[in-house]
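Enquirer: In this note's numbering, the protein residues as written are 614 to 1041. Just so you know, even glycine gets a beta-carbon here, dropped at the ideal spot from N, CA and C. Being a predicted model, the structure only gives us computed values, none of them experimental.
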Ligand code: SF4
Ligand code: SF4
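Spelled out as structure tokens, the structure:
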């Protein structure tokens, strides 16, 4: 069983996870902000219901602890409830503590985390072989087998992932000459690295134009996969490795990542070291340098991309709720779209992607994306921008099914086009 964190770093200060869960006074003020409650009307699928269940679980008062599994598994971890809550109850972290107490299935996550980070060369070869099999149509044949052996999420993931690059982002970035006096570091999240190298290339090009020379951090996974689905200790080990790389790099400027979920997790590193003051201090120095793409672009001098058509920005949950970047994405989009900018209603509501949620909870995820696509269609948008890998995947799938007139791009791709007009018209 994965060890719970037991102490959380909340907006109101450090406290035990039990105290954090007990702070939910059941007012229900957050109910309408919760996408899974809005979709189902079920109390156990609301923040209030989940907090009560985890508290009872911690007190040992649930006669059948496994009865809380559906409530905990169906949480998007989006954080909208915390934004709406006057007491800032950190429901997403409390839900994760609950999952750890239940002993969530973690074998696959643990295997992937270790393969990806401790045997990266082998992992890349195996992933390219899987991509080749997908291109040959073999993965289609494997889907029924995956369902039979209890891995239906992998079958759904295979259906959602349409782009399979031959060359990963870190292989491309390894060819760049090292800057002697780097003014920024690029942190390559797994999504841009393994699925959307064009996003990482766009981010690096934007950083070079805006800030001058910089370097790829040659980072490991941020640890979010291990934190959400596997072992906290694995997440801690990855955090230590990334912090040490940052310290060794000696850059004078920001560390920039282009998946808001991963960047939000990087910014939460101190919470992993509440019992270890030396590493907590190092994590805090690291976090002071970390920035997400929306906050870089909100401060940048950008001109409108030509012939974009009506364009909106979906605020990735881990940017707006996870990092408090409430308007930065919209500010960037206003500059990038110019007179084509439209404000997306409910722009800060989760799209239902949420890491592996879309693969593990496909029916509920589809209910949520349908509502999101309806809001996008109501603006007449031809382009929607986002800043997280799971949003790019989920929006692409939702638009393909319900509103194919619109395409999804990463904010960095639009910014790269804005700063290098010869790239106009490129993107998803
Ligand atoms: S999480 Fe906050 S807003 Fe929601 S029911 Fe609990 S105290 Fe109220
Ligand atoms: S994190 Fe999101 S899905 Fe989970 S309870 Fe809060 S608002 Fe609902």
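Using the three-state DSSP reduction, which class does residue 814 fall into: helix, strand or coil?
Expert: If you number the chain shown from 1, residue 814 lands on position 201. DSSP places residue 814 in helix when its eight states are reduced to three.
Enquirer: Is residue 621 helix, strand or coil when you go by DSSP?
Expert: Counting from 1 along the chain shown, the entry for residue 621 is found at position 8. Residue state, collapsed to three classes: strand.
Enquirer: Measure from the alpha carbon of residue 876 to the alpha carbon of each residue in 933, 775 and 706, then state which is nearest.
Expert: Here the question's residue 876 lines up with position 263 in the chain shown. Closest option to residue 876, Cα to Cα, is 933.
Enquirer: Where DSSP assigns a beta bridge to residue 905, which residues make up the other side?
Expert: Within the chain shown, numbered from 1, the residue matching residue 905 stands at position 292. Per DSSP, the beta bridge partners of residue 905 are 870.
Enquirer: Pair every Cβ in the stretch 674 to 683 with every Cβ in the stretch 723 to 742, then say whether three or more of these pairs are closer than 8 Å.
Expert: no
Enquirer: Are the beta-carbon atoms belonging to residue 1045 and residue 883 less than 9 Å from one another?
Expert: Nothing about residue 1045 can be read from this structure; the chain reaches only from 614 to 1041.
Enquirer: Quick check on residue 1033: does DSSP put it in helix, strand or coil?
Expert: In the chain shown, the residue the question calls residue 1033 occupies position 420. In the three-state reduction of the DSSP assignment, residue 1033 falls in the coil class.
Enquirer: Short check: CB of residue 1010 to CB of residue 982, under 9 Å?
Expert: Working through the chain shown from its first residue, we reach residue 1010 at position 397. Working through the chain shown from its first residue, we reach residue 982 at position 369. Yes, these two residues count as a Cβ contact at 9 Å.
Enquirer: Give me the DSSP bridge partner(s) of residue 629.
Expert: Within the chain shown, the letter at position 16 stands for residue 629. The partner list for residue 629 (beta bridge, DSSP) reads 620.
Enquirer: Does the beta-carbon distance from residue 619 to residue 686 come in below 9 Å?
Expert: Translated into positions along the chain shown, residue 619 becomes position 6. Translated into positions along the chain shown, residue 686 becomes position 73. Their beta carbons are not under 9 Å apart, which means residue 619 does not touch residue 686 by this criterion.
Enquirer: Within the same chain, show all residues whose beta-carbon is closer than 6 Å to that of residue 813, passing over the 5 residues directly before and after it, in chain order.
Expert: Taking the chain shown and counting its residues from 1, one reaches residue 813 at position 200. Within the same chain, 782, 801 and 805 come within 6 Å of residue 813 by CB-CB distance, once the 5 residues on both sides are set aside.
Enquirer: At what residue ranges does the stretch 916 to 1003 contain a whole run of the alpha helix (DSSP H), taking only runs of 4 or more?
Expert: 930 to 933, 941 to 950, 970 to 973 and 975 to 991
Enquirer: Applying the 10 Å Cβ sphere with the 16-neighbour rule, what's the burial state of residue 640?
Expert: The residue labelled residue 640 in the question sits at position 27 within the chain shown. Exposed.
Enquirer: Compute the Euclidean distance between the alpha carbons of residue 632 and residue 1000, then round it to the nearest angstrom.
Expert: Looking up residue 632 in the chain shown gives position 19. Looking up residue 1000 in the chain shown gives position 387. Each residue's alpha carbon lies about 33 Å from the other.
Enquirer: Can you look up residue 799 in the DSSP assignment and give me helix, strand or coil?
Expert: To locate residue 799, count along the chain shown from 1; it is residue 186. Note: residue 799 maps to strand in three-state DSSP.
Enquirer: Give a single yes or no on whether residue 636 has its beta carbon closer than 8 Å to a heavy atom of ligand 1.
Expert: In the chain shown, counting from the first residue as 1, residue 636 sits at position 23. The answer is yes for residue 636.
Enquirer: Go through the residues and name those whose CB comes closer than 5 Å to any heavy atom of ligand 2, in chain order.
Expert: 647, 649, 660, 688, 689, 691, 693, 694, 704 and 705
Enquirer: For residue 572, count the other beta carbons within 10 Å of its own beta carbon; 16 or more makes it buried, fewer makes it exposed. Which is it?
Expert: Because the chain is modelled from 614 through 1041, residue 572 falls outside the range shown and cannot be assessed.
Enquirer: Below 6 Å CB to CB, which residues in the same chain sit around residue 1040 once its five sequence neighbours on both sides are set aside?
Expert: As a working note, residue 1040 is residue 427 in the chain shown. Residue placement at residue 1040 cannot be trusted, given a pLDDT of 45 that sits under 50; the coordinates are not used to answer.
Enquirer: Quick check on residue 908: buried or exposed, where buried means 16 or more other Cβ atoms within 10 Å of its Cβ?
Expert: Stepping through the chain shown from its first residue, residue 908 is reached at position 295. Buried, since its Cβ has 16 or more Cβ neighbours within 10 Å.
Enquirer: Roughly how many angstroms lie between the CA atoms of residue 635 and residue 744, to the nearest whole one?
Expert: One-based indexing of the chain shown puts residue 635 at position 22. One-based indexing of the chain shown puts residue 744 at position 131. If I take the Cα positions, the gap works out to 46 Å.
Enquirer: Could you check the C-alpha separation between residue 1006 and residue 1018 for me, to the nearest Å?
Expert: Numbered from its first residue, the chain shown carries residue 1006 at position 393. Numbered from its first residue, the chain shown carries residue 1018 at position 405. Going from the Cα of residue 1006 to the Cα of residue 1018 covers about 16 Å.
Enquirer: Could you compute how far the alpha carbon of residue 662 sits from the alpha carbon of residue 841?
Expert: Counting from 1 along the chain shown, the entry for residue 662 is found at position 49. Counting from 1 along the chain shown, the entry for residue 841 is found at position 228. Their Cα atoms are separated by approximately 20 Å.
Enquirer: Looking at residue 985 and residue 606, is the spacing between their C-beta atoms short of 9 Å?
Expert: An answer regarding residue 606 cannot be provided, because it is not within the stretch 614 to 1041 covered by the chain.
Enquirer: Measuring CB to CB, does residue 708 end up less than 9 Å from residue 637?
Expert: Looking up residue 708 in the chain shown gives position 95. Looking up residue 637 in the chain shown gives position 24. No. Outside cutoff.
Enquirer: Using DSSP's beta-bridge definition, name the partner residues of residue 1022.
Expert: Against the chain shown, residue 1022 aligns to sequence position 409. According to DSSP, residue 1022 bridges with 998.
Enquirer: Restricting to Cα atoms, I'd like to know which of 970, 972 and 962 is closest to residue 987.
Expert: On the chain shown, position 374 is the one that residue 987 refers to. Closest option to residue 987, Cα to Cα, is 962.
Enquirer: Taking 8 Å as the cut-off, is the CB of residue 839 close to at least one heavy atom of ligand 1?
Expert: Position 226 of the chain shown holds residue 839. No, Cβ of residue 839 sits at least 8 Å from all heavy atoms of ligand 1.
Enquirer: Measure the C-alpha to C-alpha separation of residue 902 and residue 704 and round it to an integer number of angstroms.
Expert: As a working mapping, residue 902 is identified with position 289 in the chain shown. As a working mapping, residue 704 is identified with position 91 in the chain shown. Distance between the alpha carbons of residue 902 and residue 704: 27 Å.
Enquirer: Have a look at 969, 866, 856 and 898 and flag the residue whose alpha-carbon is nearest the alpha-carbon of residue 839.
Expert: On the chain shown, position 226 is the one that residue 839 refers to. Residue 969 is the option with its Cα nearest to residue 839.
Enquirer: Please name the residue in 879, 874, 870 and 843 whose C-alpha comes closest to that of residue 854.
Expert: As a working mapping, residue 854 is identified with position 241 in the chain shown. The option with the nearest alpha carbon to residue 854 is 879.
Enquirer: So residue 1004 packs on residue 929, CB below 8 Å; how close in whole Å?
Expert: Translated into the one-based positions of the chain shown, residue 1004 becomes position 391. Translated into the one-based positions of the chain shown, residue 929 becomes position 316. Contact flag correct, Cβ pair sits at about 5 Å.
Enquirer: Beta-carbon separation of residue 849 and residue 833 under 9 Å?
Expert: For the purposes of this step, residue 849 is taken as residue 236 along the chain shown, with counting starting at 1. For the purposes of this step, residue 833 is taken as residue 220 along the chain shown, with counting starting at 1. No, Cβ-Cβ distance for residue 849 and residue 833 is not below 9 Å.
Enquirer: Look at the alpha carbon of residue 938 and the alpha carbon of residue 647, and state the distance between them as a whole number of angstroms.
Expert: The residue given as residue 938 occupies position 325 in the chain shown. The residue given as residue 647 occupies position 34 in the chain shown. Their Cα atoms are separated by approximately 19 Å.
Enquirer: Pull up the distance between the alpha-carbon of residue 1030 and that of residue 819, whole angstroms please.
Expert: As a position in the chain shown, residue 1030 is number 417, starting the count at 1. As a position in the chain shown, residue 819 is number 206, starting the count at 1. So the two alpha carbons sit approximately 9 Å from each other.
Enquirer: On the DSSP letters alone, give me the boundaries of the alpha helix (DSSP H) that residue 736 sits inside.
Expert: Residue mapping note: residue 736 aligns to position 123 of the chain shown, counting from 1. Boundaries of the alpha helix (DSSP H) harbouring residue 736: 733 to 748, taken from the DSSP string.
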